[in-house]
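J.: Sending over a structure as structure tokens; questions will come in a sec.
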Amino acid sequence: MTDLNTVLDAARKAGAQQAEAYQVANEETPVKFEANRLKELNSRHTSGVALRVIANGRIGFASSTRPDDVADLVSAAMETAPFGPEAHFDFPKQSEAPAVETFDPATESFAVDDMIAAGQSLIDAVRKVEPELLCDAQLRRLVGEVTLVNSNGANVSYRGSMLMAWLHGSLIRGTDMLFVGDVDAAVSPAVDMARIERTVTWQLEHARDLATMRTAEMPVIFTSSGVAYALVMPLTLAFSGRLVEQGQSPLAGRLGDDVYDARLSVHDDATLPMRPASRPFDDEGVASRRTALIESGTVRSFMYDLQTAGLAKAESTGSAERSLTSQPNISTSSLIIAPGETTFEEMVAGIKEGLIVEDLMGAGQGNVMSGDFSGNVLLGYKIEGGEIVGRVKDTMVAGNVHEALASVSAIGNEARWINGAIHTPPLLFGRMAVSAKAS
Amino acid sequence: MSDQLISRDEIEKAVRGHNADYVEIRFDDTATNRIVYRGQELEEIGRTRGFGGCARALVNGGWGFVSFNRPQDVRARVEEAVAQARHVGTETSVLAPVEPVIDVVPANVKMDPRTISLARKKEIFDGYNAKMLAVDGVTSTNIVYGDAHKRVTFASSEGSYIEQERIDVISRLAATARRNGDMQQASMSLGALNDFSYIDTLDEAADMIANRAVELLNAPYVEPGVYPVVLDPILAGVFCHEAFGHLSESDFVYENDRMKEIMVLGRKFGGKHLNIVDGAAVPDLRGSFKYDDEGTPATKTDLIREGVLVGRLHSRETAGKMGEPPSGNARAIDYRFPPIVRMTNTYIEEGEASFEDLIGDIKLGVYARNWFGGTTSMEMFTFSAGEAFMIRDGKVAELVRPVKLTGNLFTTLENIDGIGRDLDFNQGGGCGKGGQMPLPVSNGSPHIRIQDCVVGER
């Protein structure tokens, strides 16, 4: 471990007025299954230090994973500062951070053999439903510590733990390929393996038959995973304080406006206990909080880090996130979309002809900043006469997330965690452009 | 190497004398520079220095892999990897034989970005940024510049010891135009291996991007549907990578009997004019190198010859298990990951058609150029064009908003009915697979025409 105060002292000696040192030490242990059986054990030990300086009002940055490399680190950061952006903030003083549970010793001591057993029994369970399914799976244990000190007196540190499990199955018939899968993550070892099994089983059962789609505007249900994979990114991008400040967000100047359906509420929350995306403070040392983004359809707040808050004359929302080698960026922690009142079954039953989207391939491509999304339905089902009749292929869905969320037909009454970081119900949209190539 | 944190002698000692079928050690020493602009502001400038190593071991068909930052731990980490592999292994290890190599490969440097001062780099990009922002209607810009100097040291228990050096220089210019609530973006991503010089030649590109963003505000959406499409070399390269390249990576095939049936050598995928190649031995492109991350010499592999599947991309394990020659396609993005089967420089070879031949008999179609991105699920793929025009009565007609193309591999390659004679490479992309992204690759093609392609708006 590098003594971060030594780094700060060296930075000040080199001429920095303010300095911030950020250290990560992680141990990651993935257990990998390929083609239904255990294939590879990994462990990744990662450690390193990043330094930000403010010198003559400008920000410099450097990071290093070379141990005991303080002099190089400081000179690299100081060398970039004269060309860096003007700092519109001071590094924060030590703040009162909320008590957020981010670590479970049971995860740290969770044995590799138990991970192997959990993975193998998951694969065996879903292959009982479909013996020809070929599964890749991974269980991953992550234990780490983040430490941040700055020249204004902040000195904060926390440990985090996570266990993550995913399963990805493929079923090939002729040249027809079906892909199913699910993922869950938790701070404690209590990853919901049963849910992954249930989800994949449900997918297999509904995807067995193929259904033909036609090109038309029709009702489309996004399941929780469909919402998370296709809609959340273009939506949350618009709440980035940076894009708002630069006029690149379609929500710029619309704070307080009723932009979305009155039943829609979305917030970001880094303080939820025992969630993998939770933390007592963000990656600039700002105390974590719950930030309402949309409240009953009204645009309530944008997300800021220190620099963008300074530019926008706002307050940091504790939304700074970074890796060791990158500078802080605005990011969501746990994103929560509030559930509504309609059951999934009721949504399906009310549709004469429509589409269910679980995963959209290529959703993040295209003009995402404007909220546009589109993609090829990687996993989705056709609804006919209120019933799911089979899996669709060669089908594209396109829309604009802000337009779509302005009039949601129904919000599901049951939300679930996707990737351990997005908690959302299914959403039903009354009319969306679907294009299909009849095969 | 001058400031090597660990000597060749120490590495070679650490890799030997283990009770394992195979052991390898890799060390990376990387120095990067990064500059980002957003709008008027230079948003970010920084340097990173990365040093780390990894050990990978194979015992009875099971793999162990450990990565670490402290070089003095190397012996213990190798032992940890061996113990992991032993824990997993229950079969017989199979690796295609590769002749051990001792070699030092310096970068074939044309213009070294490390010789250009930060002040000069900033001056160049200040110029492009000002140029784009000066275009009436442009409300914001985004510029990313990065250079990465990397030395990789590889040693194996079979006696290989290889040092390789490379420098990647990447850049992206983007402009956003906004009118009322409507927002359009145009962008271009470029890259080069061991050569900074192209960075100084982007004036025209900056102009074009800025003006295109503004023009898009007035452009209509395409009517979604099925069209004949003509792709420019850049987008066709992305198509080649997404639609076919990933399926030729044999880690998807070697343990999957159904996939083996689909990807059986000799299967016809396209017409006689269709030839697809991958190879790191093609020099001086982003995907070029002399040895892959298992120490296998780079090759040039015919994947499709005259429309027929004739080869695929291999690691030593997939090649060994399928009884095919190793192709030198095992690559790791850095020391934190084990090598997996990846593409290098993937391209469609030239045919004979002129651009006029390709569009001349299209009554209504789409001419799609440049790229935003692409992805594949093997059978189905999508890729998005940076710009698109309608083709009407054999002529390139009005600009439309960027389109997304999607298709099914097994019909789309068959539907390529025209291949141009103007091969060009897209070097601005990075490929992602198995959590390893962005890996430097290039892809290329001449103009191609595809019949019956599903085109979506946005």
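Those protein sequences? They're chains A and B, same order as listed. Under this note's numbering, think of the first position of the first sequence as 1, with each following residue one higher. Under this note's numbering, think of the first position of the second sequence as 440, with each following residue one higher. Every residue gets a Cβ at the ideal spot worked out from N, C-alpha and C, and that includes glycine. Every value quoted in this text rests on a predicted model; they were computed, and no experiment measured them.
Would you kindly report the start and end of the unbroken beta strand (DSSP E) that includes A/T378?
T.: Counting from 1 along the first sequence, the entry for residue 378 of chain A is found at position 378. Sequence check: residue 378 of chain A is Leu here, not Thr. D372 to E384 is the extent of the beta strand (DSSP E) around A/L378.
J.: I want to see whether chain B comes within less than 8 Å of A/R66, judged by CB atoms only; does it?
T.: In the first sequence, residue 66 of chain A corresponds to position 66, counting from 1. Yes, because at least one Cβ of chain B sits closer than 8 Å to the Cβ of A/R66.
J.: For B/H526, which of B/V548, B/V543, B/L497 and B/E538 has the nearest alpha-carbon?
T.: For this step, residue 526 of chain B is matched to residue 87 along the second sequence. Taking only the C-alpha atoms, the option nearest B/H526 is B/L497.
J.: Nearest by alpha-carbon distance to A/D261: which of A/F429, A/P189 and A/F33 is it?
T.: Position 261 of the first sequence, counting from 1, holds the residue named residue 261 of chain A. The candidate whose alpha carbon is nearest that of A/D261 is A/F429.
J.: Just the C-alpha distance for B/D731 and B/H753, rounded to the nearest angstrom, thanks.
T.: The sequence position of residue 731 of chain B within the second sequence is 292, counting from 1. The sequence position of residue 753 of chain B within the second sequence is 314, counting from 1. Straight-line Cα distance between these residues: approximately 11 Å.
J.: For a contact defined as C-beta to C-beta under 7 Å, what are the partners of A/Q94 on chain B?
T.: Start at 1 with the first residue of the first sequence, and residue 94 of chain A comes out as number 94. The premise fails here: A/Q94 is roughly 26 Å from chain B at the closest Cβ pair, so nothing lies under 7 Å.
J.: Return the residue from the list A/N376, A/T29, A/P131 and A/S63 that minimises the CA-CA distance to B/N847.
T.: Residue mapping note: residue 847 of chain B aligns to position 408 of the second sequence, counting from 1. Among A/N376, A/T29, A/P131 and A/S63, the Cα nearest to that of B/N847 is on A/N376.
J.: Would you kindly report the start and end of the unbroken alpha helix (DSSP H) that includes A/Q471?
T.: Outside the modelled stretch of chain A, which goes from 1 to 439, sits residue 471 of chain A, for which no answer is possible.
J.: Any chance you could list the beta strand (DSSP E) runs of at least 3 consecutive residues sitting entirely within the segment 779-811 of chain B, in chain order?
T.: Listed in chain order, they are 784-787.
J.: I'd like the list of long-range same chain contacts for A/G226, defined as Cβ closer than 6 Å, with 5 residues on each side in sequence excluded.
T.: Mapped onto the first sequence, residue 226 of chain A falls at position 226. The residues are V357 and E358.
J.: In terms of alpha-carbon separation, which member of B/D773, B/G684, B/G859 and B/Q890 lies closest to B/E791?
T.: By 1-based counting over the second sequence, the position of residue 791 of chain B is 352. Looking at the Cα atoms, B/G859 is the closest of the given residues.
J.: Would you check if the segment 752-771 of chain B and the segment 841-855 of chain B touch, i.e. whether three or more CB-CB distances between them fall below 8 Å?
T.: No: fewer than three Cβ pairs fall under 8 Å.
J.: Using a Cβ distance threshold of 8 Å, determine whether the segment 613-621 of chain B contacts the segment 497-515 of chain B, with at least three qualifying pairs required.
T.: The segment 613-621 of chain B, when compared against the segment 497-515 of chain B, does not touch it at the 8 Å Cβ threshold.
J.: At a Cβ threshold of 8 Å, is A/K437 touching chain B?
T.: The sequence position of residue 437 of chain A within the first sequence is 437, counting from 1. With 8 Å as the cut-off, A/K437 counts as an interface residue toward chain B.
J.: For A/R66, is the classification buried or exposed, using 16 other Cβ atoms within 10 angstroms of its Cβ as the cut-off for buried?
T.: For this step, residue 66 of chain A is matched to residue 66 along the first sequence. Buried, because 16 or more other Cβ atoms sit within 10 Å of the Cβ of A/R66.
J.: Taking a contact to mean a Cβ-Cβ separation below 8 Å, would you say B/M876 touches B/G883 in this structure?
T.: By one-based count along the second sequence, residue 876 of chain B stands at place 437. By one-based count along the second sequence, residue 883 of chain B stands at place 444. Contact: no.
J.: In the DSSP assignment, what residue or residues form a beta bridge with B/G491?
T.: For the purposes of this step, residue 491 of chain B is taken as the residue at position 52 of the second sequence. Paired residues: B/D467.
J.: Can you name the residues of chain A whose CB is closer than 9 Å to the CB of B/N847?
T.: Indexing the second sequence from 1 puts residue 847 of chain B at position 408. In chain order: T175, K393, D394, K437 and S439.
J.: So B/L670 is in the beta strand (DSSP E); what residue range does that whole segment cover?
T.: Along the second sequence, read from residue 1 onward, the residue named residue 670 of chain B stands at position 231. First-last of the beta strand (DSSP E) with B/L670: G664 to L670.
J.: Below 8 Å between beta carbons: does that hold for A/E101 and A/P276?
T.: Residue mapping note: residue 101 of chain A aligns to position 101 of the first sequence, counting from 1. Residue mapping note: residue 276 of chain A aligns to position 276 of the first sequence, counting from 1. Taking 8 Å as the Cβ cut-off, A/E101 and A/P276 do not qualify as a contacting pair.
J.: Below 8 Å on the Cβ atoms is my contact criterion, and I expect B/R697 with A/I172 to pass it. Report the Cβ-Cβ distance as a whole number of Å.
T.: If you number the second sequence from 1, residue 697 of chain B lands on position 258. If you number the first sequence from 1, residue 172 of chain A lands on position 172. Contact flag correct, Cβ pair sits at about 4 Å.
J.: Is the Cβ of B/P536 closer than 8 Å to any Cβ of chain A?
T.: As a working note, residue 536 of chain B is residue 97 in the second sequence. Taking Cβ atoms only, chain A never reaches closer than 8 Å to B/P536, which makes this a no.
J.: Specify the secondary structure class of B/Q511 as computed by DSSP and reduced to three states.
T.: Reading the second sequence from its first residue, position 72 is the one you call residue 511 of chain B. Here B/Q511 sits in helix by DSSP.
J.: Can you give, in chain order, each stretch of the beta strand (DSSP E) that sits fully within the segment 500-548 of chain B and has at least 3 residues?
T.: Listed in chain order, the complete beta strand (DSSP E) runs (minimum 3 residues) inside the segment 500-548 of chain B are 501-507 and 541-544.
J.: Which of the three DSSP states is assigned to A/H423 in this structure?
T.: Numbered from 1 along the first sequence, position 423 holds the residue referred to as residue 423 of chain A. Of the three classes helix, strand and coil, the one that applies to A/H423 here is strand, per DSSP.
J.: For chain B, check one thing: does any of its Cβ atoms lie closer than 8 Å to the Cβ of A/F83?
T.: Counted from its first residue, the first sequence places residue 83 of chain A at position 83. Yes, A/F83 counts as interfacial toward chain B.
J.: Quick one, are the C-beta atoms of A/L335 and A/V232 less than 8 Å apart?
T.: Start at 1 with the first residue of the first sequence, and residue 335 of chain A comes out as number 335. Start at 1 with the first residue of the first sequence, and residue 232 of chain A comes out as number 232. Contact flag set, yes.
J.: Helix, strand or coil for B/T757? Go by DSSP, reduced to three states.
T.: Sequence index remark: in the second sequence, residue 757 of chain B carries index 318 (1-based). DSSP places B/T757 in helix when its eight states are reduced to three.
J.: If you drop the 5 nearest sequence neighbours on each side, which residues of the same chain put their C-beta closer than 8 Å to that of B/E818?
T.: Stepping through the second sequence from its first residue, residue 818 of chain B is reached at position 379. Around B/E818: N847, L848 and F849.
J.: Out of B/P885, B/G895 and B/G867, which one is the CA nearest neighbour of B/D607?
T.: The sequence position of residue 607 of chain B within the second sequence is 168, counting from 1. Checked all of B/P885, B/G895 and B/G867; the closest Cα to B/D607 is B/G867.
J.: Any idea if A/L139 is buried or exposed, counting beta-carbon neighbours within 10 angstroms, 16 or more meaning buried?
T.: As a first step, residue 139 of chain A must be located in the first sequence, where it is residue number 139. Buried: at least 16 other Cβ atoms inside 10 Å.
J.: Compare the C-beta of B/P663 against all C-beta atoms of chain A and say whether one is closer than 8 Å.
T.: On the second sequence, residue 663 of chain B is found 224 positions in, with the first residue counted as 1. Yes, contact with chain A.
J.: What does A/A185 reach in chain B if we use C-beta pairs closer than 8 Å?
T.: Along the first sequence, one-based indexing puts residue 185 of chain A at 185. Residues of chain B passing the Cβ test: none, with the nearest at roughly 14 Å.
J.: Please give the ranges of any alpha helix (DSSP H) in the segment 256-332 of chain A, keeping only runs that are unbroken, at least 4 residues long and fully inside the region.
T.: As far as the segment 256-332 of chain A is concerned, its whole alpha helix (DSSP H) runs of at least 4 residues are 306-312.
J.: Under three-state DSSP, which class holds A/M396?
T.: Your numbering for residue 396 of chain A matches position 396 in the first sequence. Three-state result, A/M396: strand.
J.: With a cut-off of 8 Å, does the C-beta of A/H168 fall near any C-beta of chain B?
T.: Here residue 168 of chain A is taken as the residue at index 168 of the first sequence, counted from 1. Taking Cβ atoms only, chain B never reaches closer than 8 Å to A/H168, which makes this a no.
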